[in-house]
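Numbering-wise, the UniProt record's numbering puts 316 at position 316 of the sequence shown, and it's gapless, one number per residue.
A virtual CB, placed ideally from N, CA and C, is assigned to each residue, including glycine.
Note that the structure is predicted; figures quoted are calculated from it, not measured.
The structure under discussion appears below in the form of structure tokens.
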Amino acid sequence: MTPTFANIHSRFKLNGTHFEHEELKEVAYSLVKEGAYFQRSTGEFLLNWLDDHAVVLVKTSGSTGTPKTIEIHKQAMVNSAMATAHYLGLQPGDTALHCLPTDYIAGKMMLVRALVLGLEIDVVTPTSQPVFDYEKSYRFCAMLPMQMQSSLGYLHHIDILIVGGSPVSKALTAAIQNLKTKVFATYGMTETVTHIALKLLNNGVKNAYFETLPDVTISQDERDCLVIEAPKVASERIVTNDIVKLQSTHSFEWLGRYDNVINSGGLKLFPEQIEAQLKGKIKTQFFIASEADDTLGERLILVLEADHTTLEVSVFEGLGKFEIPKNIYAVSQFVMTETGKIQRKKTLDLIK
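Structural data, given as structure tokens:
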């Protein structure tokens, strides 16, 4: 039987202590009134979760549009937690590490999974290099790619790690190949109550495809963009702007964003794929975009967060003829979202 949001699992622990409903409310009040900045958002969410309302308000990241606040049904969050547990084999009493900010859906869902599944969750400061008990082993954790990068020497303390928020670079993927930790890339969004698909990145698996969680089916629209039907977490079909290659109704390869695709001389170029090849070779933040070209229609450009545009020619070794940028621009500071993602269009406006 699927749990409901009204109940706290008997095996749930927060920082080593089990709390009943009213006790957890008191803890949440204390975090809001006296806690550090990240503890206040944790307390606020727990108070929202423990109230009598069937929905919570969640902020979207704003990486592909204007940030907004949407309503999500608590039962949808419960259903998402159950689907993740089924896919990853999480059990009551498993330990979990929470190092994400609770302001956004990924951080909120770590707490929901603990409450619903009966996990023993430790909450630490959500910094770019999380500091946790390195003598302790954790069954489950979620991180951003930059957190995973800075924690490579400690990931062996974690059995299962899911990573999302931005693509994992080829260099970082190569760095985790010999870890005993199972590392999964996630695909999802606020509207789908975090991830609806996972892709194993290591443990000897070379798989370009994401696999959907239980009760999720996928298709494509006329643009080749992903269409998601996940009735247990979203009441309506979701049409995305993510161009994919379908393997089946339950697996796909992510190619890039429809709104970022560059049509250069009739050839479709996916900036995200080119960026993945350049990561590790360029030391500053950067992204691939395009500008108008009288002959090609659009030509590829590279935008650097820097004061100059000088790069070694060797940076572009391995790229195809049409993947090499025709122009390089420098912007002293990129325009970013609250969650640390580049706002490409706003940043491009700075070079016009």
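Counting C-beta pairs closer than 8 Å gives fewer than three between the region 181-190 and the region 107-123, which falls short of the contact rule.
A direct Cα-Cα distance of roughly 42 Å separates Gly256 from Lys25. Listed in chain order, the alpha helix (DSSP H) runs fully inside the UniProt domain "AMP-dependent synthetase/ligase" (52-198) are 74-88, 105-117, 145-150, 170-175, counting runs of at least 4 residues.
Residue environment for Ser151: buried (at least 16 other C-beta atoms within 10 angstroms of its C-beta). At the C-beta level, Met148 and Val163 come within 9 Å of one another. Under the three-state reduction of DSSP output, Ile274 falls in the helix class. Your pair Glu272 and Pro167 checks out as a contact, with CB atoms roughly 6 Å apart and the cut at 8 Å. In this structure Leu57 touches Glu71 by the C-beta definition: roughly 6 Å separates them, less than 8 Å. Residue pairing by DSSP leaves Tyr209 without any beta bridge partner. Per DSSP, the unbroken beta strand (DSSP E) holding Arg299 starts and ends at 297-305. For Val27, DSSP records no beta bridge to any residue. Counting C-beta pairs closer than 8 Å gives three or more between the region 291-303 and the region 326-341, which meets the contact rule. Secondary structure note for Ser219: its beta strand (DSSP E) is the uninterrupted segment 217-220.
Annotation: the continuous alpha helix (DSSP H) that includes Gln39 extends over 37-49. Spanning the alpha carbons of Ala171 and Asn202 requires a straight line of approximately 13 Å. By the criterion of at least three beta-carbon pairs nearer than 8 Å, the region 126-143 is in contact with the region 84-103.
For Arg344, the enclosing alpha helix (DSSP H) covers residues 344-348.
For Asn79 against Val233, the beta-carbon gap comes to about 6 Å, under 8 Å, which counts as contact. Note on geometry: alpha-carbon atoms of Gly297 and Pro325 lie some 15 Å from one another. According to DSSP, Thr17 shares a beta bridge with Leu14. Boundaries of the beta strand (DSSP E) harbouring Thr240: 238-248, taken from the DSSP string.
Residue environment: Lys245 is assigned as exposed (fewer than 16 neighbouring CB atoms within 10 Å of its CB, all protein chains considered).
For Ala292, the enclosing beta strand (DSSP E) stretches over residues 286-293. For Leu198 against Phe140, the beta-carbon gap comes to about 13 Å, at or over 8 Å, which does not count as contact.
The C-alpha of Gln333 lies about 27 Å from the C-alpha of Thr190.
In the displayed model, Val227 falls within a strand according to three-state DSSP. DSSP, read as helix, strand or coil, puts Asn260 in helix. Residue state for Ser314 is assigned as helix, using DSSP reduced to three classes. Gln177 counts as exposed, since fewer than 16 other beta carbons sit within 10 angstroms of its beta carbon. Here Ile274 is not near Tyr258, since their CB atoms are 9 Å or more apart. Taking C-beta separations shorter than 8 Å and ignoring five residues to either side along the sequence, the partners of Gly93 in its chain run Arg11, Gly118, Leu119, Glu120, following chain order.
By the C-beta density criterion, Ile158 is buried, having at least 16 other C-beta atoms within 10 angstroms. Leu88 and Val123 have their C-alpha atoms some 21 Å from each other. With a contact defined as Cβ atoms closer than 8 Å, Phe210 and Ser235 miss out at about 23 Å.
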